[in-house]
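Contents: one structure, followed by commentary.
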Amino acid sequence: MSEILDRARAQVLSTGRGLDEASILEVLQTPDEDLPELLQLAHDVRMKWCGPEVEVEGIVSLKTGGCPEDCHFCSQSGLFASPVRSIWLDIPSLVEAARQTAATGATEFCIVAAVRGPDKRLMDQMREGVKAIKAAVDIQVAASLGMLTQEQVDELVEMGVHRYNHNLETCESFFPNVVTTHTWDERWGTLKMVRDSGMEVCCGGILGLGETIEQRAEFAAQLAELDPHEVPMNFLNPRPGTPLGDQPVVEGKDALRAIAAFRLAMPKTILRYAGGREITLGDLGTRDGLLGGINAVIVGNYLTTLGRPATDDLALLEDLKMPVKALSATL
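Structure (structure tokens):
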């Protein structure tokens, strides 16, 4: 193990160049007894190349449920017998959610819709919602609306959306096991258009979908190739009624190994705690991850699952003496 750590120190910590796929796999195979040393190295990399600040974000669903896609982990699919049903959020509720998010100290508010891609109604709702939020709340607005056309990318830029989230979910080789109604390449195409537009790219995925450890390394390497500004790290929280409803939860130490591996693959990227960390890591593991490469968090609840109270995360950051990133108009 010391060999891969020594190589990572020389390459990632010293030069800021991420590990390749073979080295990422070695990191994911770290023995338990070497895990503290690995997490310390990942933390050192994060501190050197990203600094001590932590970016805090809240998310809200503008359109929940009734999605026509068959992502096997998602209770918002209209194709599964899961309890989530289609609803829309009105503009005053959207603004109020942005206000509550800003009150936690968050610098970013992400509007999410459970769709294959936005239609005219959704784009009109986005335009009205972003305008209302910007008039009422001092917070950056991000969006996650599925696959886009070039015209829609241009519209979002014109609205003032500064970051777009579109997760690849898993590596290319495993993707057909998780989604059959669209392809990995279709997602990749949207991400390239977003990156070329000047919007920041937010792209991550979910660990624990049934992928092998080799495919986990493949996924980290593919994300590094995309070079997103931010990578949300989700851990599967199995949802009743979905095809992955009986999938086992990722073991805590495996989750921490993955956090460190993704940090060593992408030393300068925002690595954000997202869904599933509560059941995978708990309070102690959440702390360990913040000291092992994570430098951003989603506070409060997720789209269809409960998260930790925002006050708990903010108190933890204060205890760790990690400053919350101030809002920057230059983002």
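As numbered in UniProt numbering, the sequence shown has no gaps in its residue numbers, which increase by one up to the final residue, 331.
Each residue gets a CB set at the ideal place from its N, CA and C atoms; glycine is no exception.
{"Query": "For L28 and A258, which I take to be in contact (beta-carbon distance under 8 Å), what is that distance rounded to the nearest angstrom?", "Result": "7 Å"}
{"Query": "Using only the alpha-carbon positions, how far apart do L94 and K134 sit?", "Result": "11 Å"}
{"Query": "What did DSSP end up calling R7 once you bin it into helix, strand or coil?", "Result": "helix"}
{"Query": "With the cut-off set at 8 Å, would you say A265 and E57 are in Cβ contact?", "Result": "no"}
{"Query": "Within its chain, find whatever has a CB closer than 8 Å to the CB of P36; leave out the 5 residues flanking it on each side and keep chain order.", "Result": "none"}
{"Query": "If contact is defined by three or more beta carbon pairs under 8 Å, each pair taking one atom from either stretch, is the region 162-170 in contact with the region 202-215?", "Result": "yes"}
{"Query": "What are the partner residues of C71, as DSSP defines its beta bridges?", "Result": "C71 is not bridged to any residue."}
{"Query": "Could you check the C-alpha separation between G208 and D254 for me, to the nearest Å?", "Result": "10 Å"}
{"Query": "Taking the alpha-carbon positions, what's the E128 to L39 distance?", "Result": "44 Å"}
{"Query": "Quick one: using the 10 Å Cβ neighbour count with 16 as the cut-off for buried, is L145 buried or exposed?", "Result": "buried"}
{"Query": "Who are N165's beta bridge partners in DSSP?", "Result": "C202"}
{"Query": "Thinking C-alpha only, which one of L314, F262, N237 and G105 is nearest L281?", "Result": "N237"}
{"Query": "For A142, which three-state DSSP category applies?", "Result": "strand"}
{"Query": "What does the alpha-carbon distance come out to for the pair G198 and Q140?", "Result": "15 Å"}
{"Query": "L191 and L226: beta carbons closer than 8 Å?", "Result": "yes"}
{"Query": "Determine the direct distance from the alpha carbon of E108 to that of A329, and round the result to whole angstroms.", "Result": "Only weak support exists for where A329 lies, its pLDDT of 33 falling under 50; the value from the coordinates is given anyway. Rounded to the nearest angstrom, the two C-alpha atoms are 11 Å apart."}
{"Query": "Count the other CB atoms, across all protein chains shown, that sit within 10 Å of the CB of S14; report buried if there are 16 or more and exposed otherwise.", "Result": "exposed"}
{"Query": "Can you round the beta-carbon distance between V137 and R99 to whole angstroms, since I take them to be within the 8 Å contact cut?", "Result": "5 Å"}
{"Query": "Measure the C-alpha to C-alpha separation of M126 and L156 and round it to an integer number of angstroms.", "Result": "8 Å"}
{"Query": "Nearest-angstrom Cα distance between G78 and A106?", "Result": "Low per-residue confidence applies at G78: pLDDT is 47, beneath 50, and the placement is therefore not dependable, though the value from the model is reported in the following sentence. Their Cα atoms are separated by approximately 32 Å."}
{"Query": "What did DSSP end up calling R85 once you bin it into helix, strand or coil?", "Result": "At R85, the pLDDT of 40 sits below 50, so the modelled position is not reliable; the number obtained from the coordinates is stated separately. Three-state result, R85: coil."}
{"Query": "If you draw a straight line from the C-alpha of Q150 to the C-alpha of G289, how long is it?", "Result": "37 Å"}
{"Query": "Determine whether the beta carbon atoms of A132 and H162 lie at a separation below 8 Å.", "Result": "no"}
{"Query": "Between the C-alpha atoms of A8 and T269, what's the straight-line distance to the nearest angstrom?", "Result": "16 Å"}
{"Query": "Take the Cβ of T183 as the centre, count every other Cβ of all protein chains shown within 10 Å, and call the residue buried at 16 or more, exposed below.", "Result": "exposed"}
{"Query": "In whole angstroms, give me the CA-to-CA distance for Y273 and T311.", "Result": "15 Å"}
{"Query": "Given this structure, state the Cα-to-Cα distance separating G275 from I59, to the nearest angstrom.", "Result": "11 Å"}
{"Query": "Mind reading off the beta-carbon distance from A260 to A42? Whole number of angstroms is fine, and I expect it under 8 Å.", "Result": "4 Å"}
{"Query": "Assuming V45 is part of the alpha helix (DSSP H), what are its boundary residues?", "Result": "L35 to W49"}
{"Query": "Once DSSP output is grouped into helix, strand and coil, what is the label at I294?", "Result": "coil"}
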